[in-house]
Every structure is written in structure tokens, then in C-alpha cells.
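**Student:** Quick one: the structure is below, questions incoming.
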Amino acid sequence: MSTAVYLGHDSLAAFLLKAGADPNTKRGVLIDGTSDITPLHDAVDRPLLVALLLKHGAYVNAVDSNGNTPLHNAAMRSSVESVRRLVASGADRNAKTYVGLTPMHWVRHKKDSKEIAIASLLHEEAVRK
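First residue of the sequence shown? That's 743 in this note's numbering, and the numbers climb one at a time after it.
Quick look at the structure:
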């Protein structure tokens with residue numbers, strides 16, 4: 743499952759999910775030493791796959807070995823639609839990595855339209871709570 747998502751085989755990932763694959767299966771250690779990456783961490787560039795993983799029970803606040811959640815990854819990669827879907831599914835916008843960074847840290851110093859939209863979504867959720 744995790745390999746299919748990582749390699750961008752979305753149709754295979756969808757097939758596996760429908761066949762009962764675990765959407766929370768973690769991938770092995772990366773070259774930089776990062777581990778515990780779930781398919782949801784890898785899918786943040788593909789919002790439709792994010793939605794499918796969430797529908798099949800992917801844990802929205804899963805953390806990798808650095809403390810990054812899928813929301814951190816979506817913010818880092820400027821994926822507005824994935825941020826929207828993750829926040830709507832209960833992602834913790836205040837989650838901190840093991841060095842204390844929140845998803846907002848990845849966008850607050852940038853000025854392009856994607857980062858502004860992400861910052862707005864993260865702030866909007868904070869105001870509602």
C-alpha cells in the first residue's frame with residue numbers, strides 16, 4: 743500500500759484500499775533517516791488520494807520519525823486542497839514536530855498565493871475553535 747502511494751500509482755492504491763489494505767501502513771527508513779511515513783504523508787500532493795485514504799480510515803494526525811503530520815507535509819508542499827481536506831477531517835493545526843514547528847511555520851514567511859491560502863485555512867480553523 744505505502745509503496746503504491748509513494749510511487750504515484752494512485753489507481754493501484756485505490757484498488758488496494760477497496761480490497762481492504764491498511765491505509766496506515768508505514769514505509770521503511772528513507773535515505774535521510776526519516777521513517778514512520780504513512781501513505782497519507784506521501785499523498786499530500788494528490789488531494790483526491792488524500793480524500794480516499796481518509797475515507798478508508800487513514801489516521802489524520804499520524805506522525806513520522808521527525809514529528810511531521812500529513813498537515814505539516816501538505817503545508818511544506820503548498821498543497822492548498824490537501825490542507826483544506828486534512829483540516830476538515832480534524833487534523834491538528836497546532837501539532838508540533840520534535841523541534842517545535844507547526845504547519846504554520848512552513849508558510850508564514852512566504853508571500854505567494856498558495857501559502858497565503860494555506861495560512862488563511864490554518865488561521866480560519868483556529869478562529870472557529
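Virtual Cβ for every residue (Gly too), placed ideally from N, Cα, C.
What residues match up with isoleucine 779 in a beta bridge as DSSP calls it?
**Tutor:** Position 37 of the sequence shown, counted from the start, is the residue given in the question as residue 779. Isoleucine 779 pairs with Arg769.
**Student:** What does the alpha-carbon distance come out to for the pair valine 869 and arginine 850?
**Tutor:** Position 127 of the sequence shown holds residue 869. Position 108 of the sequence shown holds residue 850. With a pLDDT of only 44 at valine 869, under 50, the local geometry of the prediction cannot be trusted, and the value read off the model is given with reservation. Looking at the two C-alpha atoms, the distance is approximately 17 angstroms.
**Student:** Taking Cβ positions, are leucine 872 and valine 802 nearer each other than 9 angstroms?
**Tutor:** Residue 872 lies beyond the stretch modelled for the chain, which goes from 743 to 871, so this question has no answer here.
**Student:** According to DSSP, simplified to helix, strand and coil, what is alanine 785?
**Tutor:** Within the sequence shown, numbered from 1, the residue matching residue 785 stands at position 43. The answer is helix: DSSP assigns alanine 785 an H, G or I state.
**Student:** Can you tell me the Cα-Cα spacing of aspartate 764 and leucine 791, whole angstroms?
**Tutor:** Taking the sequence shown and counting its residues from 1, one reaches residue 764 at position 22. Taking the sequence shown and counting its residues from 1, one reaches residue 791 at position 49. So the alpha carbons of these two residues sit roughly 14 angstroms apart.
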